[in-house]
Amino acid sequence: MLVLTGYALIAAKFAVGILTLIVQINIMGKGNLAPSSAFDQVQNYVLGAIIGGVIYNDAIGLIKFTLVLLIWTILVLLVRFGTTHYAFIKRNIDGSPVVLIEKGDILIEECLRHGIGANDLHLKLRMNNVSEIRQVRRAILEQNGQLTVIPYGTQTVRYPLIVDGRIDTGILEIMDRSEEWLRETVRDYGYDVSELFMAEWVHDRLEVYPYPK
Numbered sequence: 287m288l289v290l291t292g293y294a295l296i297a298a299k300f301a302v303g304i305l306t307l308i309v310q311i312n313i314m315g316k317g318n319l320a321p322s323s324a325f326d327q328v329q330n331y332v333l334g335a336i337i338g339g340v341i342y343n344d345a346i347g348l349i350k351f352t353l354v355l356l357i358w359t360i361l362v363l364l365v366r367f368g369t370t371h372y373a374f375i376k377r378n379i380d381g382s383p384v385v386l387i388e389k390g391d392i393l394i395e396e397c398l399r400h401g402i403g404a405n406d407l408h409l410k411l412r413m414n415n416v417s418e419i420r421q422v423r424r425a426i427l428e429q430n431g432q433l434t435v436i437p438y439g440t441q442t443v444r445y446p447l448i449v450d451g452r453i454d455t456g457i458l459e460i461m462d463r464s465e466e467w468l469r470e471t472v473r474d475y476g477y478d479v480s481e482l483f484m485a486e487w488v489h490d491r492l493e494v495y496p497y498p499k
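For the sequence shown, the residue numbers in the numbering used here are 287 to 499.
Following this line, the structure appears as structure tokens:
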């Protein structure tokens, strides 16, 4: 049985780590390269920590290292499956956009609930070239922690109401609409919610993108 030691073991671990990264990118898509949610970022951090923390540890052999990466990949795939097929899992893991400023008024309770202090909020506004809160019609904290600022005189940002055949209840709450309203509107287009890859509200009308038949 071949036993790897020293630089040979490090090289083999590097190869396995790179192979795991390639497999994850091909299975879960290239979206991981530009994380759009907190889980995507954590996934990348943990994978980097596993590879970086173990690769120089001679006490952990190649087989054990490979098994650790395999376990992590399986866990990530399970979570990704859950967030794709179950709305409540996605809502609890990825979260939903949150309105922090509405018509020039700061929603302080929402800021505090999501860990955004006054200094953090002001920094995010400055990064969006906003000098006065009264200039902001709406500011939305996105799932990846970024702040989307809609100043007065600017068209409202588009948000998908339906993603992967599921209703995004968080967006509906921001729009002050109900699920019944959305389902009825979708039926007027001749579709069911589960038949739509995406649907978004634009200029007082719903734009639908059905799955190919």
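No residue lacks a Cβ here, since even glycine has one placed at the ideal position from N, Cα and C.
Quick caveat: nothing in here was measured; it's all calculated off a predicted structure.
Name the one or two DSSP bridge partners that residue i has.
{"i": "VAL449", "result": "ARG452, MET484"}
{"i": "LEU427", "result": "VAL384, LEU433"}
If you drop the 5 nearest sequence neighbours on each side, which residues of the same chain put their C-beta closer than 6 Å to that of residue i?
{"i": "TYR495", "result": "PHE483, MET484"}
{"i": "TYR445", "result": "ILE457"}
{"i": "MET287", "result": "Bear in mind that the predicted position of MET287 carries a pLDDT of just 44, short of 50, making it unreliable; the figure below should be weighed with that in mind. Correct list: empty, nothing qualifies."}
{"i": "LEU409", "result": "none"}
Reducing DSSP to helix, strand and coil, say where residue i ends up.
{"i": "GLU493", "result": "strand"}
{"i": "MET287", "result": "Because MET287 sits at a pLDDT of 44, beneath the cut-off of 50, its placement in the model cannot be relied upon, and the following sentence gives the value as read from the coordinates. In this structure, MET287 counts as coil in the three-state DSSP scheme."}
{"i": "VAL422", "result": "strand"}
{"i": "GLU395", "result": "helix"}
{"i": "VAL416", "result": "coil"}
{"i": "ILE387", "result": "strand"}
{"i": "ILE436", "result": "strand"}
{"i": "GLY347", "result": "coil"}
{"i": "GLY401", "result": "coil"}
Between which residues of its own chain and residue i is the CB-CB distance below 7 Å, once the five residues before and five after are set aside?
{"i": "THR306", "result": "LEU355, THR359"}
{"i": "TRP467", "result": "none"}
{"i": "GLU493", "result": "ALA485, GLU486"}
{"i": "TYR438", "result": "GLN421, ARG423"}
{"i": "ARG563", "result": "Outside the displayed span of the chain (287 to 499) sits residue 563, for which this structure offers no information."}
{"i": "HIS400", "result": "VAL384, LEU427"}
Please state if the CB of residue j and the CB of residue i are separated by a distance shorter than 7 Å.
{"i": "LEU325", "j": "ASP380", "result": "The displayed chain sequence assigns Phe, not Leu, to residue 325. Cβ atoms of PHE325 and ASP380: closer than 7 Å."}
{"i": "ILE436", "j": "ARG420", "result": "no"}
{"i": "ILE426", "j": "VAL488", "result": "no"}
{"i": "LYS299", "j": "ILE341", "result": "yes"}
Just to check my reading of the structure: residue i and residue j have Cβ atoms closer than 8 Å, yes? What is that Cβ distance to the nearest angstrom?
{"i": "GLY451", "j": "VAL479", "result": "6 Å"}
Might you give, ordered along the chain, the residues of its own chain that have their beta carbon closer than 8 Å to the beta carbon of residue i, omitting 5 neighbours on each side?
{"i": "VAL302", "result": "LEU348, PHE351, THR352, LEU355"}
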